[in-house]
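K.L.:
Position 22 of the sequence shown, counting from 1, maps to 21 under numbering that gives the first Met the number 0, and the rest follow consecutively.
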Amino acid sequence: MVGVLLAAGAGRRLGRGPKALLSVDGTPQVVRMARALLRGGCDAVVVIVGASDEEVRRVLDGALAGTSEGRCVRTVVNPDWESGMGSSFRLGIEAADRLLAPSGPSAGSIAVALVDQPDVGEDVVRRLLAAATGTSTTTSTTAATAAAAEATTAQAIGPRVIAAGYPDAQGRLVRSHPLVFPRAWALEAAALATGDAAGRIWLRSHPDVVDVVDVGHLATGRDVDTPQDLDGLSRGTEADVRA
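See below:
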């Protein structure tokens with residue numbers, strides 16, 4: 000399992016620099032999310048950087064250098080990051096595919112996460128990977144039962160894309176990130192990515208193979224695009240969120 004962390008944006012609407020450098024409880028978000036992917040079950044993580052790439056890489060290397068986690072993280076610079084998230088998604092999937100190549104032509108899965116969801120952590124990643132691989136890593140009886148049911152369903156009907164789901168104000172489950180793709184489907188999605196549409200084009204054309212897993216008890220999944228989003232997240236959680 001290889002994780003891809005999309006962290007190339009400039010955060011212009013936020014107005015406080017790249018969201019990869021947003022500090023949550025004193026830790027830059029790019030570091031938090033790389034760790035979350037690894038601690039949640041990924042064997043390696045590819046971080047796609049773009050805006051302020053040298054600073055983002057310096058921060059990431061400074062936090063992880065000399066650690067076992069640092070040896071599992073590599074960065075890829077997207078020179079075309081201003082064209083939108085689609086180009087970063089494509090680069091990340093291609094890099095993950097190369098890492099998985101020794102496993103065979105189609106073996107393995109790829110988890111895709113965004114750098115601007117500050118309350119998404121390793122427990123969310125672990126929950127999604129458990130659903131994708133048919134294992135249970137939770138002590139909650141209800142959650143364990145749900146994971147087992149999802150695994151049984153997946154085994155019965157074949158490969159699935161697993162998407163994080165967060166309830167909206169009306170309690171309806173909304174598909175979001177992280178996403179876990181079977182490797183072959185990730186490559187198909189990458190081929191269609193354009194502009195700010197990353198995996199969305201492929202997902203919308205294949206709704207029958209997407210399972211949305213409720214992780215609303217673990218995170219809100221809210222992203223941070225504006226100063227108002229940042230203020231709202233700070234008020235809604237116990238985390239110290241700063242730009």
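Glycine included, every Cβ here is placed at the ideal spot set by N, Cα and C.
In chain order, what are the residue ranges of uninterrupted beta strand (DSSP E) at least 3 long that sit wholly in the region 167 to 202?
P.N.:
172 to 181
K.L.:
Quick one: Cα of V223 to Cα of V214, how far?
P.N.:
Between the alpha carbons of V223 and V214 lies a gap of roughly 18 angstroms.
K.L.:
Can you name the residues that DSSP bridges to A112?
P.N.:
A112 is bridged to L4.
K.L.:
Quick test of the definition: if touching needs 3 or more C-beta pairs under 8 angstroms, does the region 34 to 54 touch the region 5 to 12?
P.N.:
yes
K.L.:
Just reading off the beta strand (DSSP E) that T250 is part of, what are its end residues?
P.N.:
Residue coverage of the chain in this structure runs from 0 to 242, which leaves residue 250 outside it and unanswerable.
K.L.:
How is P17 classed by DSSP in three states: helix, strand or coil?
P.N.:
coil
K.L.:
In chain order, what residues of the same chain have a beta carbon less than 7 angstroms from the beta carbon of D167, not counting five sequence neighbours either side?
P.N.:
V173
K.L.:
Hey, quick one: how far does the alpha helix (DSSP H) through A94 stretch, first residue to last?
P.N.:
M84 to L99
K.L.:
Who are T26's beta bridge partners in DSSP?
P.N.:
V23
K.L.:
Can you tell me which of the three DSSP states G164 falls into?
P.N.:
strand
K.L.:
Report the rounded CA-to-CA distance for G164 versus L178, giving the unit in angstroms.
P.N.:
10 angstroms
K.L.:
Using three-state DSSP, classify D79 as helix, strand or coil.
P.N.:
The three-state secondary structure of D79, taken from DSSP, is coil.
K.L.:
Counting only the same chain and skipping the five closest in sequence on each side, list residues whose C-beta sits under 8 angstroms from that of L98.
P.N.:
V1, A43 and V45
K.L.:
Taking the continuous beta strand (DSSP E) assigned at V208, which residues delimit it?
P.N.:
Run containing V208: none; DSSP gives neither H nor E here.
K.L.:
Can you tell me whether N77 sits near the ligand NAD, meaning its C-beta is under 8 angstroms from at least one heavy atom of the ligand?
P.N.:
For the structure depicted, the ligand NAD is absent and the ligand set is empty, with no information on it obtainable.
K.L.:
Give the secondary structure of V48 by DSSP, where H, G and I count as helix, E and B as strand, and everything else as coil.
P.N.:
If DSSP states are grouped into helix, strand and coil, V48 belongs with the strands.
K.L.:
For V213, write down the residues that DSSP places opposite it in a beta bridge.
P.N.:
The question names Val, yet the displayed sequence has Asp at residue 213. Bridge partners of D213: G164.
K.L.:
Give the DSSP bridge partners of A43, in chain order.
P.N.:
V1
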